Amino acid sequence: MTLYTMLAFLLFGLGTACLALALSELIQTRRTRQRLEAESVRAAHTRVLSLLEPVLSEAKAVADAFDGHVAEKRLIVTELNQSLEKRIASLKLHLNRADALMARQQQTAAEEENAEQRISESRQRIVQLAAKGLSVDEIAERLTLPKGEVALVVGLRGGR
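Its first residue numbered 55, the sequence shown is counted upward by one per residue in the numbering used here.
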């Protein structure tokens with residue numbers, strides 16, 4: 055083997071070693087960069103989470119308070135609804151009683167009106183019969199009325 059050949063093999067070996075060293079360095083640099091990027095991303099995530107944590111905690115507290123207020127309002131609405139139902143039932147009862155009372159009053163008024171009309175008719179008949187000259191006894195017998203009532207009506211008419 056000649057010197058040139060040996061020198062060529064030596065240079066080829068050195069070149070290969072340099073190339074291998076350069077590739078190794080490139081791979082190492084790339085891994086370091088990826089590790090740094092991953093650490094940077096993790097650090098950014100950690101910062102974002104640390105910023106969001108208080109906001110989320112406050113939002114949860116507000117939501118819990120809101121739920122409490124809603125539950126309280128539901129209870130108040132339920133109580134008011136029950137109270138209104140009781141009042142409605144009471145008002146219906148009063149209305150039914152008032153209707154019954156009005157019906158009785160109307161019936162009583164109609165009965166009184168009928169009684170007064172009968173009394174008025176009875177008095178007119180007494181006056182008519184007295185005008186024809188019938189006596190108190192005859193009028194009482196004919197109209198089947200008490201003699202005292204007939205005498206009173208005749209006496210009042212005669213006083214006019």
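All C-beta atoms in this analysis are idealised placements derived from N, C-alpha and C, irrespective of residue type, glycine included. Computed from a prediction, not measured in an experiment: that's the story for all the values here.
When the Cα atoms are used, what is the spatial distance from residue i to residue j?
i: I142; j: V102; result: 58 Å
i: N135; j: V124; result: 16 Å
i: L77; j: D118; result: 59 Å
i: R85; j: L75; result: 15 Å
i: T59; j: R87; result: 41 Å
i: I130; j: A152; result: 32 Å
i: L80; j: L105; result: 37 Å
i: A97; j: T70; result: 40 Å
i: G213; j: E165; result: With a pLDDT of 45 at G213, under the threshold of 50, the modelled position of that residue is not reliable, and the figure given next carries that caveat. One C-alpha to the other measures close to 30 Å.
i: L57; j: C72; result: 22 Å
i: A263; j: A92; result: Residue 263 lies beyond the residue range present for the chain, which begins at 55 and ends at 214; the question has no answer from this structure.
i: T162; j: L149; result: 20 Å
i: E167; j: E133; result: 50 Å
i: L22; j: R158; result: With the chain covering only 55 through 214, there is no way to say anything about residue 22.
i: K127; j: A154; result: 40 Å
i: Q160; j: F120; result: 58 Å
i: V95; j: R89; result: 10 Å
i: E170; j: E192; result: 23 Å
i: Q82; j: V109; result: 41 Å
i: E107; j: S137; result: 45 Å
Please tell me whether residue i and residue j are closer than 9 Å, where the distance is taken between their beta carbons.
i: R196; j: L183; result: yes
i: R211; j: V190; result: no
i: K186; j: A194; result: no
May I ask you to check if the CB of residue i is nearer than 8 Å to at least one heavy atom of the ligand PLP?
i: S94; result: As presented, the structure is devoid of all ligands, the ligand PLP included, so that no description of it is given.
Taking one C-beta from the region 201 to 209 and one from the region 177 to 192 each time, how about it: are there three or more such pairs within less than 8 Å? yes
Could you tell me which whole alpha helix (DSSP H) segments of length 4 or greater appear in the region 139 to 189? none
Ordered list of beta strand (DSSP E) runs contained in the region 70 to 142, each at least 3 residues: none
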